[in-house]
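Using our numbering, read the sequence shown as starting at 25 and increasing by one per residue.
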Amino acid sequence: MILPFASILLLYATVSNAALAYKGVDWSSVAVEEAAGKTYKNSAGTTQPLETILKASGVNTVRQRLWVADSSTYNLAYNLKLAARAKAAGLSVYLDMHFSDTWADPGHQATPAGWPTDIDNLAWKLYNYTLAVSNAFAAQGITPSIMSIGNEITDGLLWPLGEYTSFANVARLLHSASSGIRYSSLGSGPQIMIHLDNGWNWSTQQWWYSSALAQGTLLSTDYDIMGVSYYPFYNSAATLASLKTSLTNMASTWGKKIIVAETDWPTSCTSPAYAFPSDTTSIPFSAAGQTTWVKDVAAIVAGVSGGEGLFYWEPAWIDNAGLGSSCGNNLMVDSTGKALSSLAVFASI
C-alpha cells in the first residue's frame, strides 16, 4: 500500500513523539506547595491543577517519593492521595520508595526508626513493608507503572546493615523488597527499578551491578529497569557523551530497560560550584536551554536498546527553586507558578 505524503508525515510525527514510553516529572512537593498557598498556571496564565498542566504539556507519568514514617511529609497516605489525582488526570505513577523516614540519597540512607538491627529481621521487615505498600495501592485501584526499590542506592540502603561494604546484605535486601511487590495484589503489574546516581559513570554502574549480582541473592528477575540520576552541575565529567557510553554499556551488558530517573537544567546559574561538562557549555541557562537539555538527554535514552524514559526532578517546587544545587533556579515554572515554555518539551520526546 502506498500512503499519501501527508499520511507519511503524520506517521513519522507519531513515531517520533512516541520515542520514550515514560515522559515524566517528579511532582512530589505539589500538595505541600498547595497547602502553603501556591497555585499553578498554564502558559496562557490560566490557573489549573498541576496535573492538568502536566498532562497538557505531554507528561504521561509522575514520580512520587515515599517515606516510611506516618509522621513524615511524604508518607503513604500523602502518596495515595497524590496518586489518585494523577490517575484521575490520566497520568501513570512511578513510586519512588526511599526506605527511610526522610531523604535517601548517596549520602543518606538512614534505616527507619524502630526497624530491626539484624539482617534477618530487617530483610523480613522490608519484605512486609513493600508488600503492605503495594497492597495499599491495589486497594485504591492504582497500579504504579514503576516502583523503585530505593533511591540513589549507589552506596547501599538501610544503613548500616545495607551499606555497600556488605553487598551480600545489599543484594538480600533488594531481593526482599522486590519479592514484597511481586507477591502483593499488584503482582507483576509494576515495573521494578533499581536506581543509582551518576548515570554518566560507567565504571560506577559496572562495579555496582557486578558486585550486587555476584552475590547470587539478587536475581535478574527481581528488577526490570535500571534507573539513573544524571545532573550537569555536580561533576564536569558528566558529559552527554559519557552518559551515552554508560547507558549503552549498561543495556548491552545486562539487557534491562533504561530510564533517566532524575535530571534538571537551570534557568539561572551565576556561581556554579563545579564546572559544567564540556559538551553542555553551548546550552543556555534559560527555558530554551531546558528544552534543549531535555531533548538531548531524551535522544540519548531513546537511542539505547531498551531506553524507556526520562523524568525531570521537581520542576514545580516553587519554594525550592535551586533544587539542592548551586544553581539559582532549575524550575519549569516561574515564581508565580506559571509554566515556562520548557514544560512543553515533553510533548516532543
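Glycine is no exception: its CB is placed at the ideal position from the N, C-alpha and C atoms. In this text, all values refer to a predicted model and were calculated from it rather than measured experimentally.
Boundaries of the alpha helix (DSSP H) in which residue i is found, first to last residue
i       : result
Tyr-46  : Here Tyr-46 belongs to no alpha helix (DSSP H); instead the beta strand (DSSP E) covers 46–50.
Glu-57  : 54–59
Ala-134 : Note, Ala-134: premise wrong, no alpha helix (DSSP H); not H, not E.
Trp-317 : 311–326
Lys-268 : 264–278
Leu-74  : 74–80
Trp-226 : 226–237
Bounding residues of the beta strand (DSSP E) (the contiguous stretch that carries residue i)
i       : result
Gln-374 : Residue 374 is absent from the structure shown; the chain starts at 25 and stops at 373.
Val-117 : 116–121
Glu-332 : 331–336
His-20  : In the structure displayed, the chain extends from 25 to 373; residue 20 sits before or after that span and is not available.
Ile-170 : 170–173
Val-284 : 281–286
Check whether residue i and residue j have beta carbons under 8 Å apart
i       : j       : result
Thr-126 : Ser-172 : no
Asp-50  : Phe-335 : yes
Tyr-46  : Ile-283 : yes
Ile-216 : Tyr-247 : yes
Pro-339 : Val-357 : yes
Tyr-118 : Ser-169 : yes
Thr-294 : Gly-352 : yes
Tyr-298 : Tyr-233 : no
Thr-360 : Lys-65  : yes
Ala-134 : Tyr-102 : no
Ile-373 : Ala-108 : no
Lys-79  : Ala-112 : no
Ile-143 : Ala-363 : no
Trp-337 : Thr-269 : no
Phe-161 : Thr-167 : yes
Pro-301 : Thr-263 : yes
Pro-136 : Ala-163 : no
Trp-289 : Asn-354 : yes
Ile-275 : Val-328 : Note on residue identity: the sequence assigns Ala, not Ile, to residue 275. Against a cut-off of 8 Å, the Cβ pair of Val-328 and Ala-275 comes out as a contact.
Asp-120 : Leu-90  : yes
Ser-212 : Asn-159 : no
Ser-235 : Gln-314 : no
For residue i, three-class secondary structure by DSSP
i       : result
Leu-367 : helix
Val-357 : strand
Lys-362 : strand
Trp-139 : coil
Leu-106 : helix
Gln-164 : coil
Val-252 : strand
Leu-187 : The identity of residue 187 in the sequence shown is Glu, whereas the question assumes Leu. In this structure, Glu-187 counts as strand in the three-state DSSP scheme.
Gly-69  : coil
Ser-202 : helix
Ser-292 : strand
Asp-413 : Given that the chain is displayed from residue 25 to residue 373, the structure contains no residue 413 and the question cannot be resolved.
Ala-43  : coil
Can at least three beta-carbon pairs, one atom from the region 157–173 and one from the region 194–210, be found at a separation below 8 Å?
yes
Report yes or no: do the region 73–91 and the region 140–151 share at least 3 C-beta pairs separated by less than 8 Å?
no
Segment contact, 8 Å Cβ cut-off, at least three pairs: the region 182–198 with the region 234–251:
yes
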